[in-house]
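Chemist:
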Amino acid sequence: MEWDLTLIIIIIVFGFLAAFIDSVVGGGGLISTPALLAIGLPPAVALGTNKLASSFGSLTSAVKFIRSGKVDLKIVGKLFPFIFIAAAGGASLASFLPASVLKPLVIVILTVVMIYTLMRKDWGSIRTYQKLSPGKAFIFTIILLCIGFYDGFLGGGTGSFFLFTLLIVGFDFLSAAGNAKVLNFASNVGALMLFMILGKVDYGIGLLMAVSMIVGSYAGAQFALRQGVGYVKALFVIVTSALILKNIYDYVQQWLS
-14 MEWDLTLIII
-4 IIVFGFLAAF
6 IDSVVGGGGL
16 ISTPALLAIG
26 LPPAVALGTN
36 KLASSFGSLT
46 SAVKFIRSGK
56 VDLKIVGKLF
66 PFIFIAAAGG
76 ASLASFLPAS
86 VLKPLVIVIL
96 TVVMIYTLMR
106 KDWGSIRTYQ
116 KLSPGKAFIF
126 TIILLCIGFY
136 DGFLGGGTGS
146 FFLFTLLIVG
156 FDFLSAAGNA
166 KVLNFASNVG
176 ALMLFMILGK
186 VDYGIGLLMA
196 VSMIVGSYAG
206 AQFALRQGVG
216 YVKALFVIVT
226 SALILKNIYD
236 YVQQWLS
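In terms of our numbering, the sequence shown opens at residue -14 and continues consecutively.
#1: Would you report the Cα separation of leucine 151 and valine 97, rounded to the nearest angstrom?
#2: Between which residues of its own chain and isoleucine 68 is the CB-CB distance below 6 Å, once the five residues before and five after are set aside?
#3: Using only the alpha-carbon positions, how far apart do proline 119 and serine 77 sit?
#4: Can you name, in chain order, every residue of its own chain whose Cβ lies under 8 Å from the Cβ of phenylalanine 156, other than the five neighbours on each side?
#5: So arginine 105 is in the alpha helix (DSSP H); what residue range does that whole segment cover?
#6: Start and end of the alpha helix (DSSP H) containing serine 40?
#7: Are at least three pairs of beta-carbons, each pair with one atom in the region -6 to 13 and one in the region 191 to 206, less than 8 Å apart?
#8: Between Gly25, Leu21, Ala162 and Ile229, which has its C-alpha nearest methionine 99's C-alpha?
#9: Three or more C-beta pairs closer than 8 Å, one from the region 54 to 72 and one from the region 126 to 141: is that the case here?
#10: Would you mind reading off the limits of the alpha helix (DSSP H) that contains arginine 211?
#11: Which residue comes first and which comes last in the alpha helix (DSSP H) that contains aspartate 7?
Written out as structure tokens, the structure reads:
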């Protein structure tokens, strides 16, 4: 691929925008992946390249949230290696099974997530998390592992799923966002390792986009920490709505073809 000014601008601008949003509630792939496809990367390479760039972005926002005290390191530290492995397994399956098989289920789950969030007006305003019983902790862990696997397999909405699961167990929106970014970093890197093994990563484009994503992730996390819970909740609803529409569009296009 020949490099020119237009290509560089597209990578930098869309990388920044994607990371700014993704740093808080996920969904940045809605912006970055289409941008990579638009400049001519094959679909599989676009996904792998996006994982390379977004891994740097999610690491940046995760570090920012950790430094602000919004991350429960004991919880996410235990989950991190398992999420990593689950995402690698999902990416492996993606090379054999078409992602379209999950589209209808993803649409339903995202719709339920958004409706539930809108109905619970004060949900996520304050932290009510308490130590989970062994049974609830097991279910909680299995759900997070499934989300990690999903990120490697398909990916769209992973940040929203992580955040929603953490809200269910009592985190407020801001601390849920912080913990979700650490878990999302684990799933990003796990999937990235598999894409690298399969040779589906453009390192030049990925590293350039990574630089813009580092800046965007830092700015997004900083903005979220300043604006507080209300901003994170509003962004969560907007991004989840966009994910639903995107998945519906993809599913209808596939059905019509």
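For each residue, glycine too, the CB sits at the ideal point set by N, CA and C.
Modeler: Put simply:
#1: Mapped onto the sequence shown, residue 151 falls at position 166. Mapped onto the sequence shown, residue 97 falls at position 112. For leucine 151 and valine 97, the distance between alpha carbons rounds to 16 Å.
#2: For the purposes of this step, residue 68 is taken as residue 83 along the sequence shown, with counting starting at 1. Closer than 6 Å at Cβ, skipping near neighbours: Gly133, Leu168, Ala171 and Ser172.
#3: Locating residue 119 in the sequence shown gives position 134, where the first residue counts as 1. Locating residue 77 in the sequence shown gives position 92, where the first residue counts as 1. Taking the straight line joining both Cα atoms gives about 31 Å.
#4: Within the sequence shown, numbered from 1, the residue matching residue 156 stands at position 171. Same-chain partners within the cutoff: Gly109, Arg112, Tyr114 and Asn164.
#5: Here residue 105 refers to the residue found at position 120 of the sequence shown. Counting along the chain, arginine 105 sits inside no alpha helix (DSSP H), nor does DSSP assign it H or E at all.
#6: The count along the sequence shown starts at 1 and reaches residue 40 at position 55. Counted as a single uninterrupted DSSP element, the alpha helix (DSSP H) harbouring serine 40 occupies residues 28 to 52.
#7: With a cut-off of 8 Å, the region 191 to 206 and the region -6 to 13 count as touching, because enough Cβ pairs lie within range.
#8: Here the question's residue 99 lines up with position 114 in the sequence shown. The residue with the shortest Cα to Cα distance from methionine 99 is Ile229.
#9: The region 54 to 72 vs the region 126 to 141: in contact.
#10: Here residue 211 refers to the residue found at position 226 of the sequence shown. First-last of the alpha helix (DSSP H) with arginine 211: 188 to 212.
#11: Sequence index remark: in the sequence shown, residue 7 carries index 22 (1-based). Start and end: -10 to 10.
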